[in-house]
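Right, one structure below, let's go through it.
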Amino acid sequence: MSKFRKILGLALILVFAVVVAGCGAKTVAEVNGEKITQEQLDKRVNKMKLAYEQQGASFEGEQGKQMLEAIKKQTLDQMIDQLLIKQAAEKEGVAPSDAEVQKRFDEIKKRFKSEKEFEDALKNYNYTEEELKEYIAQQAMTDALFQKVTKDVKVTEEDMKKYYEERKDSFKEPEKIKARHILIKFDTANEKVGRKEEEAKKMAEELIAKLNNGADFAELAKEKSEDPGSKNDGGLLKDPMGSDYFARGVMVKEFDDAAFALKKGEITKKPVKTQFGYHIIKVEDKKPEKQKTYEEAKEQIKKDLPNTRKQEVFNKYIEGLKQKAKITNELTKNEPAASKLPQGHPPINENK
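Just so you know, we're using full-length UniProt numbering here: the sequence shown kicks off at 1 and counts up by one.
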């Protein structure tokens, strides 16, 4: 699983690799005299399309066509922004050295167990080492320009208190529960276990009866649960960070609705059906929602607010570049609705 995340992480890095302007056929955009060609746009869109397909997106039918057109528009906008940043960085003299680019390249490469694993990841997403280095150079250039533009940004105690008051709800600890479950699967389109839904439900009901007669939940989960992720822990569920307590949204809605309705120590009276099968749920503990005080939130604000302010300043700087620049964009007139874009847009991520 960690290997998959590592390769996916590289894919998401590569998806946003900048295709530097050069010679080509049809021009789709121009920024202060520098051209972005149809060939360059198509190359990058194809890599974006592949990354979305890797995440399960489909481009079939009319909806898929609209989604692809939206990606083209969004991608060209990003290429225009990145070309503006490149021009500004060159003007400010903050282009990265070859040594810095190589250092970042080596750091990414070290995440892979072997040269072959790294090369396979590049090949899988149709990229070369040179294209990865181009991305790294662009990212280093952006980082350097960001630092120069935002170097004078300061945050005061008054700013921090105002930030807290304006976003007080975001500093609430949500209600959390500690829960165990027993999963009984049945045949679905994605998985065949040799058991019909009615049979799975009956098995779950029989297990509930045993629990009501005094059977130990954890021991029964170890014996009967078909969830490999929690079975050996007696059905104990964890959040993505490994905590024994989880908030709403970590599990699927049907599970959440049933689990958060239970009181401490209660077990579901009926099996809970989800896409995974039938669940028997026991809530062992509950933590109510809690509002953090300013003092409790202060360290997090001290960490987050400067970055937020710097990003605001940098975004304003980029908008200023756009207003001063001479830009043509052949796709602007055909801009699709933003709602057609796939949800969960892949992030730029240089981390593991």
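Backbone N, C-alpha and C define an ideal beta-carbon position, used for all residues, glycine too.
**Message:** Does chain B have any CB closer than 9 angstroms to the CB of Ala258?
**Reply:** In summary, chain B is missing from the structure at hand, where a single protein chain is found.
**Message:** Between Lys49 and Leu331, how many whole angstroms is the CB-CB distance? I'm expecting something under 8 angstroms.
**Reply:** Taking a contact as a CB-CB distance under 8 angstroms, the pair Lys49 and Leu331 does not count as one, their CB atoms being some 16 angstroms apart.
**Request:** For the stretch 159 to 172 and the stretch 270 to 286, state whether three or more C-beta atom pairs, one from each stretch, are separated by less than 8 angstroms.
**Result:** No contact exists between the stretch 159 to 172 and the stretch 270 to 286.
**Request:** Classify Val149 as helix, strand or coil using the three-state DSSP reduction.
**Result:** In this structure, DSSP gives Val149 a helical state, which the three-state scheme calls helix.
**Request:** Please go through the UniProt domain "PpiC" (174 to 285) and give each complete alpha helix (DSSP H) segment of 4 or more residues, from N-terminal end onward.
**Result:** DSSP runs (the alpha helix (DSSP H)) wholly in the UniProt domain "PpiC" (174 to 285): 197 to 212, 217 to 224 and 253 to 261.
**Item:** Residues that DSSP places opposite Thr37 in a beta bridge
**Value:** Partner(s): Thr27.
**Opposing strand residues paired with Gln291 [DSSP bridges]** = Beta-bridge pairing links Gln291 to Lys172.
**Asked** Does the stretch 135 to 150 touch the stretch 85 to 105, meaning 3 or more C-beta pairs lie closer than 8 angstroms?
**Response** Segment contact: the stretch 85 to 105 against the stretch 135 to 150, three or more CB-CB distances shorter than 8 angstroms; contact assigned.
**Prompt:** Can you tell me the Cα-Cα spacing of Lys224 and Lys65, whole angstroms?
**Reply:** Looking at the two C-alpha atoms, the distance is approximately 46 angstroms.
**Request:** With DSSP collapsed to three states, give me the class of Thr128.
**Result:** Coil.
**Asked** Per DSSP, what kind of secondary structure is Gly22 in: helix, strand or coil?
**Response** Model confidence at Gly22 stands at a pLDDT of 45, short of 50, so the residue's coordinates are unreliable; what they give is reported in the following sentence. Coil, per DSSP.
**Prompt:** Considering only the beta carbon of each residue, do Glu30 and Thr328 sit closer than 9 angstroms?
**Reply:** Cβ atoms of Glu30 and Thr328: closer than 9 angstroms.
**Prompt:** Should Gly22 be labelled buried (16 or more other beta-carbon atoms within 10 Å of its own) or exposed?
**Reply:** Any reading at Gly22 is ruled out, since the residue's pLDDT is 45, under 50, leaving its predicted position unreliable.
**Request:** Please classify Thr332: does DSSP put it in a helix, a strand, or coil?
**Result:** Three-state DSSP puts Thr332 in a helix.
**Prompt:** By Cβ distance below 7 angstroms, which residues in the same chain neighbour Lys201 in space, the five residues on each side in sequence not counted?
**Reply:** For Lys201, the CB contacts under 7 angstroms within the same chain, skipping 5 residues up- and downstream, are Pro271 and Tyr278 in chain order.
**Prompt:** Between the Cα of Glu157 and the Cα atoms of Asn307, Lys298 and Phe314, which residue gives the shortest distance?
**Reply:** Ranking Asn307, Lys298 and Phe314 by Cα distance to Glu157 puts Lys298 first.
**Asked** In chain order, what residues of the same chain have a beta carbon less than 8 angstroms from the beta carbon of Lys172, not counting five sequence neighbours either side?
**Response** Contacts found: Glu289, Lys290, Gln291 and Lys292.
**Request:** May I ask you to list the residues that DSSP assigns as paired with Ile327?
**Result:** Looking at the DSSP output, Ile327 shares a beta bridge with Val31.
**Prompt:** Start and end of the alpha helix (DSSP H) containing Asp102?
**Reply:** Note that residue 102 is Gln in the sequence shown here, rather than Asp. Gln102 -> alpha helix (DSSP H) spans Asp98 to Lys109.
**Prompt:** Can you list, in chain order, the residues of its chain whose CB lies under 7 angstroms from that of Leu207, leaving out five sequence neighbours each side?
**Reply:** Take Leu207, set aside five residues on each side of it, and the residues of its chain with a beta-carbon closer than 7 angstroms to its own are Ile182, Leu220, Lys224 and Ile280, in chain order.
**Prompt:** Relative to the C-alpha of Glu199, which residue among Asp187, Ala121, Lys210 and Lys238 is closest?
**Reply:** Of the listed residues, the one whose Cα sits closest to Glu199 is Asp187.
**Prompt:** Are the beta-carbon atoms belonging to Lys302 and Val155 less than 9 angstroms from one another?
**Reply:** Yes; because the gap between Cβ atoms is below 9 angstroms, this pair is in contact.
**Asked** Helix, strand or coil for Thr142 per DSSP?
**Response** Three-state result, Thr142: helix.
**Prompt:** Counting pairs of beta carbons, one from the stretch 211 to 220 and one from the stretch 233 to 240, are three or more of them closer than 8 angstroms?
**Reply:** At 8 angstroms Cβ cutoff, the stretches touch.
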